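Colleague: Here it is, the structure in full.
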Amino acid sequence: MVGFSHAEREAYRDLDQKVSMGLDSQAESKQGHNLFVSLEPCTHTGKTPPCRDLVIERSPSKVMLGWKDPNPLVLSGDWEAYQKQGIEIRLHPLIAQSSYPFLHGFFQRIKKNRPWVWVKSAITSDGFYATHELSNQPISSPESQFYLQMLRAKFDAIVVGPKTMQVDEPGLDFRLKEDDFLSKGEVSKIDFGNIAEFFSPGEQMLDSLFAESNTECYSEHVSNLNSYQPWRVFILKEGLEIAPSFMEKQKALNERYGKKLCLFYLLTAPQKNVNPDLTHFSELSTLSDFPILKITDMDSDLFFKDLSNHGVNTVILEAGSFLWNFVKENLDVNDCILTIQSEKEWKEGKAFLGLNQFEKQIQYQVGPDLWQIEMKS
Ligand SMILES: NC(=O)c1ccc[n+]([C@@H]2O[C@H](COP(=O)([O-])OP(=O)(O)OC[C@H]3O[C@@H](n4cnc5c(N)ncnc54)[C@H](OP(=O)(O)O)[C@@H]3O)[C@@H](O)[C@H]2O)c1
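Using the numbering used here, you'd call the opening residue of the sequence shown number 393 and step up by one each time.
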């Protein structure tokens with residue numbers, strides 16, 4: 393997680409704690425140990441000193457790595473210091489595979505200055521994401537809603553478009569209640585007989601979501617809600633009415649999680665020299681530590697870059713019509729379109745246009761809903 397201690401430091405802290413409580417007899421008897429990490433230990437001083445120094449100090453027999461670190465701040469591949477201490481260090485393909493879904497966003501941000509993008513929409517069996525009147529009608533089942541919250545916890549930012557912000561006044565926070573676990577339903581993966589790819593981060597992310605959402609994982613999330621809070625991102629358009637109830641809700645969320653996690657973007661006309669009036673939105677500045685950024689509907693690049701500058705590795709776009717049109721030409725390899733198709737049939741409404749865009753598709757039956765991810769390959 394961005395802003396937290398690196399995994400190596402956490403792992404050794406955890407081990408020391410267990411030893412001091414007499415919970416790890418093997419470590420207590422000072423037998424050698426091996427270290428398995430998804431990403432090469434860092435070599436630079438950030439919030440903490442370099443993890444490489446810590447690892448060398450703790451002197452494991454072997455260090456097995458998933459990936460070299462593409463961060464230019466890290467002296468990647470400079471492993472002499474380990475070897476001098478007699479520590480074997482090497483890459484391991486299975487660690488690379490199992491950690492890939494959780495590092496792909498970080499790799500995207502470091503290499504391309506954009507997050508890993510997921511476009512998500514709940515749709516009816518006949519393909520509609522909203523009614524014509526935009527009434528707030530639930531589509532996905534409680535089973536899906538549980539997993540969608542657990543998925544939200546894995547992402548750094550959640551985005552909605554202008555109308556959705558006005559109609560739904562969504563919280564966009566990660567929230568779980570004590571009894572939400574009860575609505576966790578049966579999940580099965582629909583097998584098309586394809587050979588699974590070794591690296592398919594979208595599919596692996598969902599496989600892990602469904603497999604790992606057990607009691608222990610759920611309890612960990614419930615007791616650490618603060619640690620899993622995403623940025624709550626709103627795209628505004630000129631003249632959009634901001635309801636007092638929206639302000640109150642977002643203010644309360646900032647207070648609850650102890651951090652101003654709102655980001656606002658204002659859609660402006662593409663013509664040059666048009667300076668939109670921000671006074672209408674001045675009240676929003678109390679909800680965010682950052683000024684409202686002006687963008688046009690051609691600026692998805694700028695939008696992703698700005699999110700990336702906020703440290704966003706992974707983003708979910710809760711797509712109505714605006715967000716789909718905004719990003720459809722700017723999706724990258726492994727970006728995902730996630731549709732949650734319910735059994736409900738509306739016969740009319742606003743159609744989600746992001747369906748069946750890419751060939752690579754994986755499906756899961758989640759309670760009564762069909763989850764489908766499509767990926768650009
Ligand atoms: N099923 C789901 O997963 C899901 C997800 C999100 C939202 N929703 C539902 O979708 C409904 C809202 O959907 P939506 O598609 O109408 O909302 P939206 O995507 O949030 O916003 C669409 C609005 O953005 C404005 N817009 C589009 N392009 C623009 C541009 N280039 N410049 C400025 N403004 C632009 C349009 O305003 P004008 O009309 O003024 O042009 C349009 O009304 C709500 O009922 C919400 O509950 C469902």
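Here a beta-carbon is modelled for each residue, glycine too, at the ideal position from N, C-alpha and C. On a predicted model such as this, the values are computed, not experimentally measured, just so you know.
On the DSSP bridge assignment, give the partners of ASN426 in chain order.
Modeller: Sequence index remark: in the sequence shown, residue 426 carries index 34 (1-based). Partner(s): LYS454.
Colleague: Unbroken beta strand (DSSP E) runs of length 3 or more, entirely within the stretch 614–694: which are they?
Modeller: The qualifying runs are 623–629, 654–659, 685–687.
Colleague: Identify the continuous beta strand (DSSP E) that holds TRP716 and give its terminal residues.
Modeller: Here residue 716 refers to the residue found at position 324 of the sequence shown. Where TRP716 is concerned, there is no enclosing beta strand (DSSP E), although the alpha helix (DSSP H) it sits in stretches over 713–719.
Colleague: Between which residues of its own chain and ASN505 is the CB-CB distance below 7 Å, once the five residues before and five after are set aside?
Modeller: Looking up residue 505 in the sequence shown gives position 113. Cβ neighbours of ASN505 beyond the five flanking positions: LYS697, SER700.
Colleague: Anything with a beta carbon under 5 Å from a heavy atom of ligand 1 counts; list them all in chain order.
Modeller: Listed by chain position, these are SER513, ALA514, TYR521, ALA522, LEU526, GLY553, PRO554, LYS555, THR556, VAL559, ASP560, LYS629, LEU659, ASP689, GLU710, GLY712, SER713, PHE714.
Colleague: Find the nearest neighbour of GLN753 within the set GLU480, ILE550, VAL559, GLU589, judged by alpha-carbon distance.
Modeller: As a position in the sequence shown, residue 753 is number 361, starting the count at 1. Nearest C-alpha to GLN753: GLU589.
Colleague: Who are the Cβ neighbours of TRP623 in its own chain at under 7 Å, not counting the five residues just before and after it?
Modeller: Taking the sequence shown and counting its residues from 1, one reaches residue 623 at position 231. ASP548, ALA549, LEU653, LEU655, HIS702, VAL704.
Colleague: Output needed for LEU601: all residues of its chain with C-beta closer than 8 Å, excluding positions within five of it in sequence on either side, in chain order.
Modeller: Sequence index remark: in the sequence shown, residue 601 carries index 209 (1-based). Answer for LEU601: TYR539, MET542, LEU543, LYS546, listed in chain order.
Colleague: State buried or exposed for VAL725, treating a residue as buried only when at least 16 other CB atoms are found within 10 Å of its CB.
Modeller: Here residue 725 refers to the residue found at position 333 of the sequence shown. Its Cβ having fewer than 16 others within 10 Å, VAL725 is exposed.
Colleague: Does the CB of GLN621 have a neighbour CB from chain C at under 8 Å?
Modeller: As a matter of chain content, chain C is missing from the structure shown, which is built from one protein chain.
Colleague: Are ALA399 and VAL429 closer than 8 Å when you measure CB to CB?
Modeller: Locating residue 399 in the sequence shown gives position 7, where the first residue counts as 1. Locating residue 429 in the sequence shown gives position 37, where the first residue counts as 1. Taking 8 Å as the Cβ cut-off, ALA399 and VAL429 qualify as a contacting pair.
Colleague: Given a cut-off of 8 Å, decide if GLU710 and VAL552 are closer than it, judged by their beta-carbon atoms.
Modeller: Here residue 552 is taken as the residue at index 160 of the sequence shown, counted from 1. Here residue 710 is taken as the residue at index 318 of the sequence shown, counted from 1. In this structure, GLU710 lies closer than 8 Å to VAL552 by Cβ.
Colleague: Nearest to PHE520 by alpha carbon, out of MET767, TYR620, THR731?
Modeller: Taking the sequence shown and counting its residues from 1, the one referred to as residue 520 is at position 128. Minimum Cα distance to PHE520 is reached at THR731.
Colleague: Quick one, are the C-beta atoms of VAL579 and GLN757 less than 8 Å apart?
Modeller: In the sequence shown, the residue the question calls residue 579 occupies position 187. In the sequence shown, the residue the question calls residue 757 occupies position 365. Yes. Within cutoff.
Colleague: Mind checking ALA635: buried by the 16 CB within 10 Å criterion, or exposed?
Modeller: For this step, residue 635 is matched to residue 243 along the sequence shown. Classification for ALA635: exposed.
Colleague: In terms of residue numbering, what span does the alpha helix (DSSP H) encompassing ILE381 cover?
Modeller: Lying outside 393 to 769, the shown extent of the chain, residue 381 is not represented and no answer is given.
Colleague: For MET767, count the other beta carbons within 10 Å of its own beta carbon; 16 or more makes it buried, fewer makes it exposed. Which is it?
Modeller: As a position in the sequence shown, residue 767 is number 375, starting the count at 1. Buried, since its Cβ has 16 or more Cβ neighbours within 10 Å.
Colleague: Can you name the residues that DSSP bridges to CYS728?
Modeller: Counted from its first residue, the sequence shown places residue 728 at position 336. For CYS728, which the question treats as bridged, DSSP gives the partners TRP510, MET767.
Colleague: Ignore the nearest five residues each way along the sequence and tell me which others in HIS524's own chain have a CB closer than 7 Å to its CB.
Modeller: Position 132 of the sequence shown, counted from the start, is the residue given in the question as residue 524. Here the set comprises GLU740, GLY741, LYS742.
Colleague: Helix, strand or coil: how does DSSP classify ALA743 here?
Modeller: Counting from 1 along the sequence shown, the entry for residue 743 is found at position 351. The answer is strand: DSSP assigns ALA743 an E or B state.
Colleague: For a quick check, are the C-beta atoms of GLU432 and LYS460 less than 8 Å apart?
Modeller: Working through the sequence shown from its first residue, we reach residue 432 at position 40. Working through the sequence shown from its first residue, we reach residue 460 at position 68. In this structure, LYS460 lies closer than 8 Å to GLU432 by Cβ.
Colleague: Just reading off the alpha helix (DSSP H) that GLU710 is part of, what are its end residues?
Modeller: Sequence index remark: in the sequence shown, residue 710 carries index 318 (1-based). From DSSP, GLU710 is part of no alpha helix (DSSP H) but of the beta strand (DSSP E) over 706–710.
Colleague: Just to confirm my understanding: we take GLU737, look at its own chain, exclude 5 residues before and 5 after, and list those with CB closer than 7 Å. What are they?
Modeller: Mapped onto the sequence shown, residue 737 falls at position 345. Closer than 7 Å at the Cβ level, and outside the excluded window around GLU737, lie THR516, SER517, ASP518.
Colleague: Kindly indicate which residue of MET456, ARG501, GLU604, TYR492 has the alpha-carbon position closest to the one of HIS484.
Modeller: For the purposes of this step, residue 484 is identified with residue 92 of the sequence shown, where counting begins at 1. Comparing Cα-Cα distances from HIS484 to each of MET456, ARG501, GLU604, TYR492, the minimum goes to MET456.
Colleague: Please report the straight-line C-alpha distance between GLU595 and GLY478, rounded to a whole angstrom.
Modeller: Translated into positions along the sequence shown, residue 595 becomes position 203. Translated into positions along the sequence shown, residue 478 becomes position 86. Between GLU595 and GLY478, the C-alpha separation is close to 38 Å.
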